[in-house]
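My numbering applies: residue 641 is where the sequence shown begins, and numbers increase by one.
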Amino acid sequence: MKKRVLITGAAGFLGSHLCDRFIAEGFEVLAMDNLITGDLKNIEHLFKDPNFEFYHHDVSKFVHVAGKLDYILHFASPASPIDYLKIPIQTLKVGALGTHNLLGLAKEKNARILIASTSEVYGDPLVHPQTEEYYGNVNTIGPRGVYDEAKRFQESITMAYHRFHGIETRIARIFNTYGPRMRLNDGRVIPAFMGQALRGEDLTVFGDGSQTRSFCFVDDEIEGFFRLLMSDYVYPINIGNPNEITILDFAKEIIKLTGTQQKIVFEPLPIDDPLQRQPNINKAKEILKWEPKISREIGMKKTFDYFKNLSPEELFKSEHKDFSKHIRR
Ligand code: UDP
Numbered sequence: 641m642k643k644r645v646l647i648t649g650a651a652g653f654l655g656s657h658l659c660d661r662f663i664a665e666g667f668e669v670l671a672m673d674n675l676i677t678g679d680l681k682n683i684e685h686l687f688k689d690p691n692f693e694f695y696h697h698d699v700s701k702f703v704h705v706a707g708k709l710d711y712i713l714h715f716a717s718p719a720s721p722i723d724y725l726k727i728p729i730q731t732l733k734v735g736a737l738g739t740h741n742l743l744g745l746a747k748e749k750n751a752r753i754l755i756a757s758t759s760e761v762y763g764d765p766l767v768h769p770q771t772e773e774y775y776g777n778v779n780t781i782g783p784r785g786v787y788d789e790a791k792r793f794q795e796s797i798t799m800a801y802h803r804f805h806g807i808e809t810r811i812a813r814i815f816n817t818y819g820p821r822m823r824l825n826d827g828r829v830i831p832a833f834m835g836q837a838l839r840g841e842d843l844t845v846f847g848d849g850s851q852t853r854s855f856c857f858v859d860d861e862i863e864g865f866f867r868l869l870m871s872d873y874v875y876p877i878n879i880g881n882p883n884e885i886t887i888l889d890f891a892k893e894i895i896k897l898t899g900t901q902q903k904i905v906f907e908p909l910p911i912d913d914p915l916q917r918q919p920n921i922n923k924a925k926e927i928l929k930w931e932p933k934i935s936r937e938i939g940m941k942k943t944f945d946y947f948k949n950l951s952p953e954e955l956f957k958s959e960h961k962d963f964s965k966h967i968r969r
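Shown next as C-alpha cells:
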C-alpha cells in the first residue's frame with residue numbers, strides 16, 4: 641500500500657518541488673493550494689500521474705481529506721514582503737488558522753506533520769549565525785510582522801499539539817531558498833535581479849547592499865525537508881545554506897552570470913529588512929546528516945536557465961514595483 645502525503649502550498653515554489661520529490665519516491669500525493677500566490681503551471685506536468693491529485697482549497701478553512709493520510713507537509717503561505725503587504729490577513733490566517741486546521745487533520749488521521757517555519761522567526765537577528773536556541777528580534781507590527789508572528793504562533797501551536805495531543809510533528813526553519821519556479825514578480829531579490837537582467841534594466845540594490853543573505857538551492861533544501869520528515873526530531877531545525885554573501889556582491893555575481901550590460905542602482909532599504917542572515921546548521925548536520933551540496937555558482941546557473949526560458953509576456957508583466965515603495969524606510 642502506497643504512503644499518502646498531503647502537501648499544502650503545492651502550486652508554489654517549494655510545494656511544487658516537494659510534489660516532484662514525493663512522486664519520485666513512490667508516494668501518493670494530494671496537492672492542495674488556493675492559488676493566491678501559487679501557479680498551476682508549476683505542477684501541471686504531474687496532473688497525468690495517477691498518484692497525483694490536486695485540490696483547489698484554502699487551508700485557512702476546514703480541511704477535509706477522504707481516506708488515510710500518512711504525512712502532511714504544510715507549505716502554504718505567501719512568502720515575500722510584497723505579498724505580506726498585498727495580502728496581510730491571508731498571510732496571518734494561513735500561518736495561524738491554516739496550521740490549526742492541519743494539526744487537527746494530523747490528529748484525526750494519525751499522520752506525521754512537517755511545518756514550514758522560517759528564519760524570519762529570528763527577525764533582524766542579534767545573534768549571528770542564527771542557532772535554533774536564539775529567540776529572535778521581531779517587530780510585531782512592522783510590514784513583516786504578519787508573516788513573522790504567524791510563523792512564530794505556528795511553531796507554538798505545533799509544539800502544543802505535539803506535547804498535549806502526542807502528534808508527531810516536525811518544524812523546519814527555512815532560510816532563503818532559490819531555484820526554478822520562483823515567482824518572477826514576487827519582489828524577492830533573486831527573481832528581481834534575474835528579471836532586471838533579462839529585461840535590460842538596472843539591478844536595484846536596496847540600501848547600500850551591505851546586508852547579507854545565505855542562499856540555498858532548492859534541491860538541497862528539499863533533501864533537508866525529506867530527511868527531517870523521516871527523522872524523529874521534534875524541535876525546530878534550521879535548513880539552509882550557511883554560505884553568506886552581501887547583496888551588493890551578489891548583484892555583481894548576477895551581472896557576471898547573466899552578462900547584462902546594465903549597472904547597479906541603489907534604492908532605499910525596506911523597513912525591518914534584516915541586516916544579516918546565516919543559519920547555523922550544526923543540528924541538521926548532526927541529526928539529519930544533511931548539509932547543502934550545490935554551490936551558488938551551479939545553482940544560480942540552473943536558476944538563470946529557468947528564467948531565460950520564460951515567455952516575454954511573463955518576463956514583462958511585473959507588478960511588484962507598484963508595491964515595493966510602500967515598504968521602504
Ligand atoms: N533586495 C534588493 N533588491 C531587490 C530586492 C531585494 O537589494 O530588488 C534585498 C532586500 O532588501 C534584502 C535582500 O535583498 O536585503 C533579500 O530580499 P528578499 O526579499 O529576497 O528576502 P528576505 O529579505 O526575506 O530575506
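Backbone N, C-alpha and C define an ideal beta-carbon position, used for all residues, glycine too.
Since the structure is predicted, the reported quantities are computational estimates derived from the model, not experimental observations.
Can you tell me where the beta strand (DSSP E) with LEU757 in it begins and where it stops? For the sequence presented, residue 757 should be read as Ser rather than Leu. It spans 752-758 - the beta strand (DSSP E) in which SER757 sits, taken as one unbroken run.
Jot down the residue ranges of each uninterrupted alpha helix (DSSP H) in the stretch 693-742, minimum 4 residues, whole runs only, in chain order. Listed in chain order, the complete alpha helix (DSSP H) runs (minimum 4 residues) inside the stretch 693-742 are 721-726 and 728-733.
Should PRO952 go down as buried or exposed, given a rule of 16 or more other Cβ atoms within 10 Å for buried? Classification for PRO952: exposed.
Using a threshold of 7 Å, state whether the C-beta atoms of ALA651 and ASP679 are closer than that. When the beta-carbon positions are compared, ALA651 and ASP679 come within less than 7 Å of each other.
Since GLU884 is in the alpha helix (DSSP H), which residue starts that stretch and which ends it? Where GLU884 is concerned, there is no enclosing alpha helix (DSSP H), although the beta strand (DSSP E) it sits in stretches over 884-886.
What does the alpha-carbon distance come out to for the pair PRO908 and ASP698? PRO908 and ASP698: Cα-Cα distance of roughly 35 Å.
With DSSP as the reference, please indicate the residues paired to GLU668 in a beta bridge. Per DSSP, ARG644.
Find out if the Cβ-Cβ distance for the pair GLN770, PRO919 is shorter than 7 Å. PRO919 is positioned such that its CB atom lies closer than 7 Å to that of GLN770.
Does VAL703 pass the burial test, meaning 16 or more other C-beta atoms within 10 Å, or should it be called exposed? Burial is judged here by how many other beta carbons sit within 10 angstroms of a residue's own beta carbon; VAL703 has at least 16 and is buried.
How about THR900 and CYS856: do their beta carbons lie closer than 7 Å? Not in contact: THR900 and CYS856 (Cβ atoms no closer than 7 Å).
Go through its chain and collect everything with a Cβ distance to ILE727's Cβ below 7 Å, but skip five positions before and after it. Excluding residues within five positions, the ones whose Cβ falls inside 7 Å are ILE676 and PRO718.
Rounded to whole angstroms, what is the Cα-Cα separation between ASN674 and ILE647? Distance from the CA atom of ASN674 to the CA atom of ILE647, rounded to whole angstroms, is 12 Å.
In angstroms with no decimal places, state the Cα-to-Cα distance between GLN730 and LEU737. Taking the straight line joining both Cα atoms gives about 10 Å.
Reference VAL874, options GLU684, GLY649 and GLU772, closest by Cα: The candidate whose alpha carbon is nearest that of VAL874 is GLU772.
For the ligand UDP, any of its heavy atoms closer than 6 Å to the Cβ of VAL829? Yes; taking the cut-off as 6 Å, the Cβ of VAL829 has a heavy atom of the ligand UDP nearer than that.
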